[in-house]
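For this note's numbering, add 99 to where a residue sits in the sequence shown, where the first one is 1.
For reference, the structure discussed in these notes is given below.
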Amino acid sequence: MKLSSYTLGLVLVAVSTVLLSTAGLMTRLITMDTATILFWRGVWGGGAVALLMLVRSPRRTVLDFRRLGLPGWAIVVVTTASMSLFIAALHRTSVAHVAIIFATAPLIAAALGFLFLREKPGAGAIVASFAALAGVGLMVGTGEGGGLLGDALALMMTLCIVVNTLLARRYPDMPMLAIATLSALLGSLLAAPFATPFSWPVQEIWVVALFGIFGFAAGLALMLIGARLLPPVETSLIGALDAPLAPFWVWLVFGELLDRMTLIGGGLVMAAVCLHVLADFGGRRRAASAAAECSVINP
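Written out as structure tokens, the structure is:
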């Protein structure tokens, strides 16, 4: 059965969120500084996507890079900024603060999507966004304090990610794999003057390599492709699943116990997103059935 563009977008963004949510785990596994993480992440991630493009079709790869234009380069710059700010924020404030600030993304996306794309968010999406925000608030309400600089970086990251979803939605024909490649390599280039790439254990470099290829590059590419198929508020709402997933990976690897409020808040986020998706599916199915009946009655 062929998936609708909406369903495909949901699947791609959901898988992207799962992959990108491993960033917090990666920073726990290594002691590498921010600049060096960004350098190696970009080298491995950008190199992997570029290789994939070349294997697929060298000629198409060249054409994809040549047709970026101003919108494509805008997405490259904003993507580079958002992913760099994310790692920097994790190093300068608590994971809890990053999570609660990022949880505001669906509401910001709803407002900006309406202002710039004239896509009016449904009441269900707004309710689910507030529920997800409340869930994240419960998760981090008793958490550690954060730094002002890190909080500011997390806010800028959130704004960049929202703008990214708007641009991907507005310009759906952009070559997203080329954008993912350039974003990764640009981040690496900007971090290079401040990085010490060969001063760290090989094991740490391999950890960043695995995240760069599978967590960052694959997650970013899927997010960019999926975001052009969904309203910005939907993309950001699914992205809110990062909040319960990030501590889940830490629990899975390190065995850290999750407190009661983390479990309750994480469950609320999961429920808000899943119930909204199910309700939206039901509404779309009913609308499709009604349209089919009308076409039969009025051929």
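For glycine and all other residues, C-beta sits at the position ideal for the given N, C-alpha and C.
**OP:** Classify D379 as helix, strand or coil using the three-state DSSP reduction.
**Re:** Residue state for D379 is assigned as helix, using DSSP reduced to three classes.
**OP:** Measure from the alpha carbon of L107 to the alpha carbon of each residue in R327, F213 and L319, then state which is nearest.
**Re:** Answer by Cα proximity: R327.
**OP:** State the CB to CB distance for the pair A231 and P205, rounded to an integer number of angstroms; the pair is presumed to be in contact (CB under 8 Å).
**Re:** Yes, they are in contact, since the Cβ atoms of A231 and P205 sit about 7 Å apart, within 8 Å.
Original post:
Out of curiosity, what's the CA-to-CA distance linking I199 and V175?
Top reply: Straight-line Cα distance between these residues: approximately 26 Å.
Original post:
So, do the segment 364-378 and the segment 338-345 have three or more beta carbon pairs nearer to each other than 8 Å?
Top reply: Two segments are said to touch when three or more pairs of C-beta atoms, one from each, lie closer than 8 Å; by this definition the segment 364-378 touches the segment 338-345.
**OP:** Report the rounded CA-to-CA distance for S181 versus R155, giving the unit in angstroms.
**Re:** So the two alpha carbons sit approximately 28 Å from each other.
Subject >> Helix, strand or coil at I129 according to DSSP, with G and I counted as helix >> reply: DSSP places I129 in coil when its eight states are reduced to three.
Original post:
Using a Cβ-Cβ cut-off of 7 Å (strictly less than) and excluding sequence neighbours within five positions of M255, which residues of its own chain qualify?
Top reply: Correct list, in chain order: L184.
**OP:** Measure the beta-carbon distance from L153 to P274 and round it to whole angstroms, keeping in mind my assumption that it falls under 8 Å.
**Re:** Contact flag wrong, Cβ pair sits at about 14 Å.
**OP:** Kindly indicate which residue of F310, D379 and E333 has the alpha-carbon position closest to the one of L144.
**Re:** Correcting the residue type first, residue 144 is Gly in the shown sequence and not Leu. Looking at the Cα atoms, F310 is the closest of the given residues.
**OP:** Could you pull the start and end residues of the alpha helix (DSSP H) that F353 belongs to?
**Re:** F353 -> alpha helix (DSSP H) spans D341 to F353.
**OP:** Say whether the segment 333-340 touches the segment 219-238, bearing in mind that this needs 3 or more beta-carbon pairs closer than 8 Å, one atom from each stretch.
**Re:** Touching, per the Cβ criterion.
Subject >> For V352 and M125, believed in contact at Cβ under 8 Å, the rounded distance >> reply: Incorrect: roughly 10 Å between the Cβ atoms, too far for contact.
**OP:** Indicate whether the contact test is met: 3 or more Cβ pairs, each with one atom in the segment 292-306 and one in the segment 116-133, closer than 8 Å.
**Re:** Two segments are said to touch when three or more pairs of C-beta atoms, one from each, lie closer than 8 Å; by this definition the segment 292-306 touches the segment 116-133.
Subject >> Continuous alpha helix (DSSP H) stretch holding S115: start and end >> reply: Residues S104 to L119.
Original post:
Taking 7 Å as the line, does the beta carbon of H196 fall inside it for any heavy atom of the ligand COA?
Top reply: Absence of the ligand COA from the depicted structure is noted, as is the absence of any ligand whatsoever, leaving it without description.
Original post:
Is the beta carbon of G338 less than 8 Å from the beta carbon of T160?
Top reply: Not closer than 8 Å, so no.
Original post:
Would you report the Cα separation of L356 and R140, rounded to the nearest angstrom?
Top reply: Straight across, the Cα-Cα distance linking L356 with R140 is about 29 Å.
**OP:** Kindly indicate which three-state DSSP category A202 falls into: helix, strand or coil?
**Re:** Reduced to three states, the DSSP call for A202 is coil.
Original post:
Taking DSSP as the reference, what is the three-state secondary structure of A294?
Top reply: Correct three-state label for A294: coil.
Original post:
Based on Cα-Cα distance, which residue from W350, A317, V148 and D358 lies nearest to A113?
Top reply: Here the closest residue by C-alpha is A317.
Subject >> Cβ-Cβ separation, V177 to C259 (assumed contact under 8 Å), whole Å >> reply: 5 Å between Cβ atoms; contact.
Original post:
So, A147 versus I278, is the Cβ gap smaller than 8 Å?
Top reply: Result no, Cβ atoms of A147 and I278 do not sit closer than 8 Å.
Original post:
Which whole-angstrom value describes the C-beta separation of L329 and Y105, a residue pair presumed to lie in contact below a C-beta threshold of 8 Å?
Top reply: Right, the Cβ-Cβ distance comes to about 7 Å (below 8 Å), so this counts as a contact.
Subject >> Unbroken alpha helix (DSSP H) run spanning L357, endpoints >> reply: Segment: none, L357 is in no alpha helix (DSSP H) and carries neither H nor E.
**OP:** Output yes or no for whether 8 Å exceeds the beta carbon distance between A187 and T135.
**Re:** Against a cut-off of 8 Å, the Cβ pair of T135 and A187 comes out as no contact.
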